[in-house]
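Worksheet: the structure to be examined is printed underneath.
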Amino acid sequence: MAIPITVLDCDLLLYGRGHRTLDRFKLDDVTDDYLMSMYGFPRQFIYCLVELLGASLSRPTQRSRAISPETQILAALGFYTSGSFQTRMGDAIGISQASMSRCVANVTEALVERASQFIRFPVDEASIQALKDEFYGLAGMPGVIGVVDCMHVAIKAPNAEDLSYVNRKGLHSLNCLMVCDIRGALMAVETNWPGSLQDYAVLQQSSLSRQFEAGMHKDSWLLGDSSFSLHTWLMTPLHIHETPAEYRYNMAHSATHSVIEKTFRTLCSRFRCLDGSKGALQYSPEKSSHIISACCVLHNISLEHGMDVWSSPTTGPVEQPPEEGYEHMESLDLEADRIRQELVLTHFS
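Shown next as structure tokens:
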């Protein structure tokens, strides 16, 4: 006679059906230093996340109804900032590793649902002008409203043998396109591109490119490094500088573009699940993309709550395919060439 097998929730086995909420861990019972060391964020910020995400995380589902929003958020923050489902992390808040995984999925979904609320370009003229003034004050580069670059995040090999995710280092990754302002706040994020795509190809196929090509933010531009193609809305460095003005342009470009390089280092330092030191994200490309987006949303929320983007310790350069592997992208856009030359002559002569 066949014996029916019942799949039981780990927390149900441990704590029984009478526990509808798992309030075994209380924020008020621990210090801020403990919260920072375990979850990467202070108490008040965690309370803000509970207020922001609580309704979404309280949705009645068979598996997650017993775990409070506060506990789910702590579990997710623990994973984002440590990069692992270590037993000690679940033990600290009183849930199993399986429940940790479900909490990460729930919180990730809730954050991604709010991405457009926190990651966006300003639309009013005053804010656009403020961006230009801030970037100009940094290194004298006029007209800039953001800096753009790509960052690879390692993922496990997809189940299907898809070589499109293998990057120049021979590792499986997602190539993530991001734009930030001078504070390191992200204004555009696309995390779904396969690692085999070079940066210029990612930008070429992105929604960001379509928006700027359609005339968004006229008389403004982004700055990108030499792995991108020159456009009327994207200024890249000169491959060879032949005059003092061209040298000054390249120096100002480099100093301004370094903002996003520093932002990448900060992201990977704060959210260790992105930096590869704990191994690749053990999810499908789609779920990995959502986790990266969730970390980007958290990054911007932390800025809105006064947490300086540069306050996180950095641990060296972000792991990227070697720069020498990129070919310099020569300009095929005569109008873009004209705009860059006019910029050099007008502002750097």
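One point on numbering: in UniProt numbering, the residue at position 14 of the sequence shown is 14, and numbering is uninterrupted.
Glycine residues also receive a C-beta, built at the ideal position from the N, C-alpha and C atoms.
Per DSSP, residue 175 lies in no alpha helix (DSSP H) segment; the continuous beta strand (DSSP E) that holds it begins and ends at 173-180. Bounds of the alpha helix (DSSP H) holding residue 137 are 125-139. Assigned with DSSP and collapsed to three states, residue 54 falls in helix. Sequence-distant partners of residue 232 (beyond 5 residues in either direction) whose C-beta falls short of 8 Å from its own C-beta, in its chain, are 221, 333, 335, 336, 339. By the criterion of at least three beta-carbon pairs nearer than 8 Å, the stretch 176-193 is in contact with the stretch 117-124. As a beta-bridge residue in DSSP terms, residue 189 pairs with 178. Within its own chain, the residues whose Cβ lies closer than 7 Å to the Cβ of residue 241, once the five positions on either side in sequence are excluded, are 247, 250, listed in chain order. Sequence-distant Cβ neighbours of residue 148 in its own chain, meaning closer than 6 Å and more than five residues away, are 179, 222, 224.
Of the other Cβ atoms in all chains shown, 16 or more fall within 10 Å of the Cβ of residue 270; this residue is therefore buried. Take the alpha-carbon of residue 208 and the one of residue 238: they are about 23 Å apart.
Within the same chain, 293, 297 come within 7 Å of residue 115 by CB-CB distance, once the 5 residues on both sides are set aside. Here the alpha carbons of residue 258 and residue 155 stand approximately 26 Å from one another. Bridge pairing for residue 291: absent [DSSP]. For residue 152, the three-state secondary structure derived from DSSP is strand. CA-CA distance, residue 127 to residue 210, rounds to 22 Å. In terms of Cα proximity to residue 150, the closest of 105, 219, 217, 260 is 260. Membership of residue 343 in the alpha helix (DSSP H) is indicated by the continuous run 334-348.
Beyond the five residues adjoining it in sequence on each side, residue 301 comes within less than 7 Å, by CB distance, of 118 in the same chain, given in chain order. Annotation: the continuous alpha helix (DSSP H) that includes residue 77 extends over 69-82.
Taken in chain order, the complete alpha helix (DSSP H) segments of 4 residues or longer contained in the stretch 195-246 are 199-205, 207-213.
Taking all protein chains in view, the Cβ of residue 125 is surrounded by fewer than 16 other Cβ atoms within 10 Å, so the residue is classified as exposed. In this structure, DSSP gives residue 145 an extended state, which the three-state scheme calls strand. Exclusion of the five residues before and after residue 81 leaves 39, 40, 270, 271, 272 as the residues of its chain whose Cβ lies within less than 7 Å of its Cβ. Counting only the Cα atoms, residue 234 lies some 43 Å from residue 32. The beta carbon of residue 348 sits closer than 6 Å to the beta carbons of 245, 248, 249 from its chain, once the five residues preceding and following it are set aside; these are given in chain order. Sequence-distant partners of residue 290 (beyond 5 residues in either direction) whose C-beta falls short of 6 Å from its own C-beta, in its chain, are 108, 112. The Cβ neighbour count for residue 305, taken over all protein chains shown within 10 Å, is under 16; the residue is labelled exposed. Taking a contact as a CB-CB distance under 8 Å, the pair residue 277 and residue 94 does not count as one, their CB atoms being some 27 Å apart. In chain order, 245, 246, 249 place their CB closer than 7 Å to the CB of residue 344, counting only its own chain and leaving out the 5 sequence neighbours on each side. Residue 132 and residue 228 have their C-alpha atoms spaced approximately 21 Å apart.
Nearest Cα to residue 188 within the set 197, 279, 212: 212.
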